[in-house]
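The block underneath contains the structure these notes are about, expressed in C-alpha cells.
Residue numbers (this note's numbering), protein chains in the order written: chain G, 515 to 997; chain P, 38 to 134.
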C-alpha cells in the first residue's frame, strides 16, 4: 500500500498505470485516514464514500481493459462546498442552504468527471466564501493540521487542510481576494488563483462575480499545473470564461527560467511584516537567485487602497448575488413553520439563516449601492480598482513576474481576529490586488512540510504573473521545488 | 460625506435587503459599519476624476453565441429543491393578505 504522505497526483498516476495499486485501494485508504484525522481537523462538511468508491472502481475496470487513462483518473479530490456536484449537498457553509442538493455539475466538475477524477467529499469554508479563517462557517471550525489551535486560513480552509492532512490528494477552492492562496500558505500547500476568466465559474455559488475564480490546491507545483490544465478553458455557461493556450503547462520538464526578471514591490516589504515571514521570503528570493533569476525593485503605488476598494465594491456584488436566497427555491427547511405571507418568508429566513458576516456585507452592499452614496463609495471604489490594475500593467512592462509574501503573518490563533472584522480584512492586504487586476498568482510553501522544525508553521511566498501567463509562475515554482 | 450609518438608516437598509435583525445585531452592525466606513475614508484622498471605473473582471466586450437548439440534460433541474411544486412550477405562500 502506498504511503499517503508521499503520494502526489504525478506519482499516483504512475503507480496506477503500473498497477502497483488500484484506485479503489487508494480511495479506501483515504477514507480510513479521514476517519482517523477528521475528528481533530474538521476539513469536511460531507463525505461521498459510496460514489467515490464506485467511480474509483470504474477507473480500475478501465485499466484492467488496458484503456489509456488521463493524468487525473482515479485521483481522490476534495471540493469546496461552494462548487456544485450533481446529487451532493452544496451548502457554501451557510444555514440557508442546509437542505440544498446540487441539481447540476459545475463546469469544473464536468471536466474532472470526463477525466475520471474521484470526489471524496465537500470541504468546509467561510460562509459563502466570506472570510479569511474558515471561522465564519455556520457548521464547524476547521483546525490547521500543523497546529490545531490555529486557523487553516480561509475561505477555502477545508480544502487546504484536507490536502495538508493527507485527507485528499488535491482539492479545489475559490479565490476572490485571498481564499485559495491564504489557506495554502497557512497550511503549507500550493494554491493557485488563475487569471480571471481562465476557469469557468458555472456552478460556483457566487460571492463577487467580477473577482471569483476557482483554483487548485495541491502538494506540489507540478500537481497544481496538472489540475489547473484540467479545469481551465472556455465554458458556454460562463460568458466571462476564455480559451487560453495552456498546452505545455504540465510538460514533464518545466520550461527554462534563466533570464527571468522578478519584481519586488516596495509596498509589500513594509514594517509590520512578521519576522518569520520576512526571513522565509528572503530565503526564497536567495534560492531563486541561485537558479539564475534576476531581481529588480518595483513600485505598486496603489497597494494600500486595494483593501478599502474591495470592501466597498465587493459588498455591492454580494448583496445582489445573495438576493436569490429567498428561503424557498434552494431547499427550504422542512421543520420551518409556514410563514403567513411571502414577504414574511423572506425576512424571517434571511434574518435567521445568514451568518453575521453575510449580513454585514449585504447591509454594506445595499448601502453603497443606494442613491446618494453610489458615487461616493461604489463608483469611487471601481475607479480605484482601475488604478490598482494600472499599477500591474506598468510593473509588467519591466518584469516578468512579481514576488511578495502571501500574508503579513503565519496562521493565527482560532478566535484571535473573529470579533474584529477590520483586522480580519487586513490579512488579505498582499493577495487582494492580484484579484482586482485580474492577473494570476500562486502561493508556494517556502519549504516542504517534511522539513519544518517541530512547532514551526508553514509560510508561503506569492508569485504574481501576467494575465494568461500561468506558465511563468508554474515554471518558476517547479524549478524552486525541484532544487 | 457621512462616514457612519445611523439606526434609522440601518433599519431602512435591512428592509430593502429583506433581513430581519434583532436589536443586539443592530447594535453590533452599527459599530462595525461605522469602523469600516471610517477606515475606508482614505480612498477619498485619491483623485479619480479622470479614471474610468473598472466594473468587470475581463477585457471581453461581449460574448455571443448562436441561438440554436442544444442537448440539455438539466431541463427542469432545480424543481426538486422546491418545498412544493406543481407541473414544474414553484408553489409559494400568498403574496397579498
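Beta carbons: idealized from backbone N, C-alpha and C, even for Gly.
Keep in mind it's a predicted model, so treat the numbers as computed, not measured.
Take the alpha-carbon of residue 602 of chain G and the one of residue 656 of chain G: they are about 21 Å apart. Residue range 523 to 531 is occupied by the alpha helix (DSSP H) that includes residue 529 of chain G. Of all residues in the region 57 to 74 of chain P, those with a C-beta nearer than 9 Å to a C-beta of chain G are 57, 58, 59, 62, 65, 66, 69, 70, 72, 73 and 74, reading in chain order.
Checking the DSSP bridge columns, you'll see residue 664 of chain G partnered with G/927. By the criterion of a C-beta distance shorter than 7 Å, residue 809 of chain G is surrounded in its chain by 776, 778, 799 and 803, once the five residues flanking it on both sides are discounted.
Proximity of residue 85 of chain P to chain G, defined by a Cβ-Cβ separation below 8 Å, is satisfied. Using beta-carbon distances, residue 122 of chain P does not count as an interface residue toward chain G, since no partner is under 8 Å. Within the same chain, Cβ atoms closer than 8 Å to the Cβ of residue 955 of chain G are found at 695, 706, 707, 945, 948, 976, 977, 978, 979 and 987, the five residues on either side in sequence being excluded.
The count of Cβ pairs closer than 8 Å, one atom from the region 638 to 656 of chain G and one from the region 750 to 770 of chain G, stays below three, leaving the stretches out of contact.
Distance check between residue 815 of chain G and each of G/773, G/734 and G/900 places G/900 closest, using alpha-carbon atoms only. Counting along the chain, the unbroken beta strand (DSSP E) around residue 706 of chain G starts and ends at 704 to 707. The alpha-carbon of residue 88 of chain P is positioned some 19 Å away from that of residue 724 of chain G. In the three-state reduction of the DSSP assignment, residue 792 of chain G falls in the helix class. Three or more Cβ pairs drawn from the region 574 to 593 of chain G and the region 613 to 631 of chain G lie within less than 8 Å of each other, which places the two stretches in contact.
Using a 10 angstroms sphere on the CB of residue 604 of chain G, the tally of other CB atoms reaches 16 or more, which defines it as buried.
Distance check between residue 638 of chain G and each of G/568, G/688, G/544 and G/735 places G/688 closest, using alpha-carbon atoms only.
Annotation: residue 770 of chain G to residue 77 of chain P spans about 43 Å, alpha carbon to alpha carbon. With its beta carbon less than 8 Å from one in chain G, residue 115 of chain P belongs to the interface. Distances from the CA of residue 561 of chain G to each of G/992, G/546, G/572 and G/575 were compared; the closest alpha carbon is that of G/546. Going by DSSP, residue 594 of chain G is part of the beta strand (DSSP E) stretching over 590 to 594.
At a cut-off of 8 Å between beta carbons, residue 125 of chain P makes no contact with chain G. Using a Cβ-Cβ cut-off of 8 Å, residue 100 of chain P counts as an interface residue toward chain G, since at least one Cβ of chain G sits closer than that to its own. The DSSP assignment places 632 to 637 and 684 to 689 as complete runs of the beta strand (DSSP E) inside the region 612 to 695 of chain G, in order along the chain (cut-off: 3 residues).
With fewer than 16 other Cβ atoms inside 10 Å of its own Cβ, residue 813 of chain G counts as exposed. For residue 896 of chain G, at least one C-beta of chain P is nearer than 8 Å to its own C-beta. Annotation: Cβ neighbours of residue 893 of chain G in chain P (cutoff 7 Å, chain order): 90. Beyond the five residues adjoining it in sequence on each side, residue 781 of chain G comes within less than 6 Å, by CB distance, of 814 and 817 in the same chain, given in chain order. Put simply, the CB of residue 615 of chain G is near chain P, with a gap under 8 Å to one of its CB atoms. In terms of beta-carbon proximity, residue 713 of chain G stays away from the interface with chain P, with every pair separated by 8 Å or more.
Boundaries of the alpha helix (DSSP H) around residue 880 of chain G: 870 to 883. Look at residue 79 of chain P: its C-beta is under 8 Å from a C-beta on chain G. Counting the other Cβ atoms within 10 Å of the Cβ of residue 608 of chain G gives 16 or more, which makes it buried. Taking C-alpha positions only, residue 893 of chain G is separated from residue 713 of chain G by approximately 27 Å.
Here residue 918 of chain G is bridged, per DSSP, to G/976. When DSSP states are grouped into helix, strand and coil, residue 746 of chain G belongs to the strand group.
Inter-segment contact for the region 87 to 107 of chain P and the region 733 to 743 of chain G is absent: fewer than three beta-carbon pairs are separated by less than 8 Å.
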